[in-house]
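Residue numbers (the working numbering): 46 to 155.
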């Protein structure tokens, strides 16, 4: 059976200074303004290195009997132009199994 988990990595630059980006990531009232999390998702801080790295545990009660749990890590660094380098990593993510996965039907039925 194949593993159907993956990692989402998103990297970009932002025109805001790192301190402002950090506030948007770390202050719950600001986080709720831009983070479109489902109502059934709970987040909690796992680790924090101010103005550099912040990791949340993301726990979502979905359609399965067990809640899905993953880590969301934000990394930021100052840029020479006054902006911010930004990376978001979310893992593990359950990936949908494609209909044409080419796995034998008997294995799927097991």
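All C-beta atoms, glycine included, are put in the ideal place defined by N, C-alpha and C.
(message) I'd like to know whether the C-beta atoms of residue 63 and residue 129 end up nearer to each other than 9 Å.
(response) Working through the chain shown from its first residue, we reach residue 63 at position 18. Working through the chain shown from its first residue, we reach residue 129 at position 84. Yes.
(request) Could you check the C-alpha separation between residue 135 and residue 118 for me, to the nearest Å? (result) For the purposes of this step, residue 135 is taken as residue 90 along the chain shown, with counting starting at 1. For the purposes of this step, residue 118 is taken as residue 73 along the chain shown, with counting starting at 1. Taking the CA atoms as reference points, residue 135 sits about 6 Å from residue 118.
(request) Report all residues from its chain with a CB closer than 6 Å to the CB of residue 56; omit the five preceding and five following residues, and keep chain order. (result) Translated into positions along the chain shown, residue 56 becomes position 11. The beta carbon of residue 56 lies closer than 6 Å to those of 132 in the same chain, with the five residues before and after it left out.
(message) Between which two residues does the alpha helix (DSSP H) holding residue 95 run?
(response) For the purposes of this step, residue 95 is identified with residue 50 of the chain shown, where counting begins at 1. Following the DSSP letters along the chain, one finds residue 95 in no alpha helix (DSSP H), marked with neither H nor E.
(request) Can you grab the Cα-Cα spacing for the pair residue 89 / residue 125, in whole Å? (result) Within the chain shown, numbered from 1, the residue matching residue 89 stands at position 44. Within the chain shown, numbered from 1, the residue matching residue 125 stands at position 80. Using only the alpha carbons, I get a separation of about 32 Å.
(request) From the DSSP output, read off the bridge partner residues of residue 122. (result) Stepping through the chain shown from its first residue, residue 122 is reached at position 77. DSSP links residue 122 through a beta bridge to 130.
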